[in-house]
Amino acid sequence: MIKMRTEIIRVNQNHIGSAAEEGLRRGGEILKAGGLVAFPTETVYGLGGDALNPESSRKIYAAKGRPSDNPLIVHICRFQDIRHIVRAVPENVDRIADAFWPGPLTMILQKAERVPYETTGGLDTVAVRFPSHPAARKLIEYGGGFIAAPSANSSGRPSPTVARHVLEDMDGRIEMVVDGGEVGIGLESTIIDMTVTPPKILRPGYVTREMLEHVLGEIDMDVTIMRDDSGQTPKAPGMKYRHYAPAGRLTIVEGEPGQVTAYINERAAKDKAAGEKTGILGTREQIGQYQADVIKCMGNREDEERIARNLFSALRSFDEERVTRIYSESFPTQGLGQAIMNRLLKAAGHRVVRLDEAGERSMEQEQ
Ligand code: AMP
Ligand code: MG
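Heads up, the sequence shown is in numbering that gives the first Met the number 0, so the first residue is 0 and it goes up one at a time.
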């Protein structure tokens, strides 16, 4: 891959001044010319390219090292533009858009002919999202209105929640990074497949199952979201790949809080004695009781929004400190907790230890 100079521009999402506006205009020109620009959205940073230009999509796959059967999400900046990239807009799509767009939700629909297979990973469906972040919307508009943008990380690594993470993975590989500070949500969008009846959630996110059911009535959930042993292939092709993973070996420990802390400390001490560098991912309530080389607090247990926002950056910081063995607390899987646990399980390769009431240990789902 040819090394290039990556330009960085800064924007304040609450007030896009004239310098930022000018920078976003230039970013749009880069996109129209087939180049790549990373930008903040309300979920995570995206790596943008012109979705209607097959060459741009090829460049996105190359920059990320992403398998080319893993389709990209097309971002739009006006709801009515959806008509240009899908075959039809069913009535329930209007209802969902009314309720959740612009926002952290992606819909899968039958693709229009003009969307190249390079963008959809060879599928006849296309993933569409209308983000709410003001800088993202301007950049999409200046870039021609249809921007393919997967998360701006190297394939397999945790998604970027600040511009520094993007530069760690993409410096010298793309033309521009728009630095908008820390993102608001920190987990990727919810994906719902609207081509099936009832609609099916393929990836959980900030827009929860409960919220979608409120608008749509009955919906399904892809069985692979929380389980690795279903024997089925995930319906969102990207979800079958190892994902979000830190370099160190991550194990999730589930059980009553006192037992979890004791177990994690015992395991971390053994690992350390064996020459490993140890890390622990915990919540405020338990964090003071841990002993390890690197301890990361994600926030209060009941503050799921903060935990979601901190998760990927905590995972990346273990890499920065070259931690080789990581233990994490587990989270309940209702509401936003489902998205948190889905990412954590993938990061851990579904390595979970469940402690039962007697304190015995059973390893489940270990790969
Ligand atoms: P990312 O943009 O990195 O968050 O990843 C996009 C996710 O959307 C991946 O898991 C893809 O497999 C999924 N996706 C994109 N397009 C489709 C589609 N047409 N059908 C099913 N899943 C899709
Ligand atoms: Mg991704």
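We put the beta carbon where it would ideally sit given N, CA and C, even for glycine.
For the ligand AMP, any of its heavy atoms closer than 7 Å to the Cβ of residue i?
{"i": "Asn-69", "result": "yes"}
{"i": "Val-214", "result": "no"}
{"i": "Ser-150", "result": "yes"}
{"i": "Thr-223", "result": "no"}
{"i": "Lys-234", "result": "yes"}
{"i": "Leu-310", "result": "no"}
{"i": "Arg-163", "result": "no"}
{"i": "Thr-119", "result": "yes"}
{"i": "Gly-237", "result": "yes"}
{"i": "Ile-294", "result": "no"}
{"i": "Ala-62", "result": "no"}
{"i": "Thr-405", "result": "The question about residue 405 has no answer here: the residues shown for the chain are numbered 0 through 366."}
{"i": "Val-125", "result": "yes"}
{"i": "Arg-353", "result": "no"}
{"i": "Leu-35", "result": "no"}
{"i": "Arg-136", "result": "no"}
Does any heavy atom of the ligand MG sit closer than 7 Å to the C-beta of residue i?
{"i": "Ser-153", "result": "no"}
{"i": "Ser-158", "result": "yes"}
{"i": "Pro-245", "result": "no"}
{"i": "Glu-167", "result": "no"}
{"i": "Glu-41", "result": "no"}
{"i": "Glu-181", "result": "no"}
{"i": "Glu-112", "result": "no"}
{"i": "Glu-187", "result": "yes"}
Since residue i sits in a beta bridge, which residues does DSSP pair it with?
{"i": "Gln-109", "result": "Thr-124"}
{"i": "Ser-150", "result": "Gly-45"}
{"i": "His-132", "result": "Beta-bridge pairing links His-132 to no other residue."}
{"i": "Leu-249", "result": "Ile-325"}
{"i": "Lys-199", "result": "Asp-192, Asp-219"}
{"i": "Asp-178", "result": "Arg-9"}
Tell me the rounded alpha-carbon separation between residue i and residue j.
{"i": "Val-88", "j": "Arg-342", "result": "30 Å"}
{"i": "Ala-313", "j": "Glu-41", "result": "18 Å"}
{"i": "Leu-46", "j": "Val-206", "result": "22 Å"}
{"i": "Lys-234", "j": "Asn-69", "result": "11 Å"}
{"i": "Ile-72", "j": "Ser-329", "result": "29 Å"}
{"i": "Met-3", "j": "Asp-170", "result": "8 Å"}
{"i": "Asn-11", "j": "Gly-180", "result": "8 Å"}
{"i": "Gly-247", "j": "Asn-299", "result": "24 Å"}
{"i": "Asn-13", "j": "Ala-244", "result": "32 Å"}
{"i": "Glu-28", "j": "Met-106", "result": "27 Å"}
{"i": "Ser-141", "j": "Gly-102", "result": "Note that residue 141 is Tyr in the sequence shown, not Ser. Each residue's alpha carbon lies about 19 Å from the other."}
{"i": "His-213", "j": "Ala-272", "result": "52 Å"}
{"i": "Ser-316", "j": "Lys-276", "result": "13 Å"}
{"i": "Arg-25", "j": "Ala-37", "result": "13 Å"}
{"i": "Glu-209", "j": "Lys-199", "result": "13 Å"}
{"i": "Leu-35", "j": "Arg-57", "result": "11 Å"}
{"i": "Ser-153", "j": "Phe-311", "result": "13 Å"}
{"i": "His-164", "j": "Pro-39", "result": "12 Å"}
{"i": "Ala-50", "j": "Gln-258", "result": "50 Å"}
Skipping 5 residues on each side, what residues in its chain have a beta carbon closer than 6 Å to that of residue i?
{"i": "Glu-365", "result": "Because the pLDDT at Glu-365 is just 44, under 50, the model does not fix this residue reliably, and the value given afterwards should be weighed accordingly. Same-chain partners within the cutoff: Arg-350."}
{"i": "Leu-201", "result": "Ile-190, Asp-192, Asp-221, Lys-234, Ala-235"}
{"i": "Asp-355", "result": "none"}
{"i": "His-83", "result": "none"}
{"i": "Leu-280", "result": "Lys-295, Ala-313, Ser-327"}
{"i": "Tyr-60", "result": "Ser-67"}
{"i": "Asp-178", "result": "Ile-7, Arg-9, Ala-162"}
{"i": "Arg-308", "result": "Gly-185"}
{"i": "Ala-98", "result": "Val-214"}
{"i": "Pro-391", "result": "Since the first residue of the chain shown is 0 and the last is 366, residue 391 is not available in this structure."}
The alpha helix (DSSP H) spanning residue i covers which residue range?
{"i": "Gly-47", "result": "It is not in any alpha helix (DSSP H) - Gly-47 instead sits in the beta strand (DSSP E) that spans 44-49."}
{"i": "Pro-26", "result": "Strictly speaking, residue 26 in this sequence is Gly, with Pro absent from that position. Note, Gly-26: alpha helix (DSSP H), 17-31."}
{"i": "Arg-308", "result": "303-319"}
{"i": "His-376", "result": "Residue 376 is absent from the model: the chain starts at 0 and stops at 366."}
{"i": "Ala-346", "result": "335-346"}
Using a Cβ-Cβ distance under 8 Å, would residue i count as near chain C?
{"i": "Glu-217", "result": "No chain C appears in this structure, which consists of one protein chain only."}
Which residues in the same chain as residue i place their Cβ atom closer than 7 Å to its Cβ, once the five residues preceding and following it in sequence are excluded?
{"i": "Arg-266", "result": "Tyr-326"}
{"i": "Asn-264", "result": "Tyr-289, Gln-290"}
{"i": "Ile-75", "result": "Ile-81, Val-127, Phe-129, Ile-139, Gly-144, Phe-145"}
{"i": "Lys-239", "result": "Thr-232, Pro-233"}
{"i": "Gly-120", "result": "Ser-67, Asp-68, Asn-69, Pro-70, Pro-236"}
{"i": "Pro-197", "result": "Glu-217, Ile-218, Asp-219"}
Which same chain residues, not among the five before or five after residue i, have their C-beta less than 8 Å away from its C-beta?
{"i": "Ser-150", "result": "Val-43, Tyr-44, Gly-45, Leu-46, Ser-158, Pro-159, Glu-187"}
{"i": "Asp-292", "result": "Lys-271, Lys-276, Thr-277, Gly-278, Glu-320, Val-322"}
{"i": "Lys-110", "result": "Ile-84, Val-85, Arg-86, Thr-119, Leu-122, Asp-123, Thr-124, Val-125"}
Could you check where the beta strand (DSSP E) with residue i kicks off and where it finishes?
{"i": "Asp-280", "result": "Checking the sequence shown, residue 280 turns out to be Leu, not Asp. Run containing Leu-280: 277-281, per the beta strand (DSSP E) assignment."}
{"i": "Ile-325", "result": "324-328"}
{"i": "Arg-353", "result": "351-354"}
{"i": "His-74", "result": "72-74"}
{"i": "Val-36", "result": "36-39"}
{"i": "Arg-266", "result": "From DSSP, Arg-266 is part of no beta strand (DSSP E) but of the alpha helix (DSSP H) over 256-272."}
{"i": "Val-293", "result": "293-296"}
Is any non-hydrogen atom of the ligand PLP found closer than 7 Å to the C-beta of residue i, if you look at the structure I gave you?
{"i": "Glu-255", "result": "This structure lacks the ligand PLP; the ligands present are the ligand AMP and the ligand MG."}
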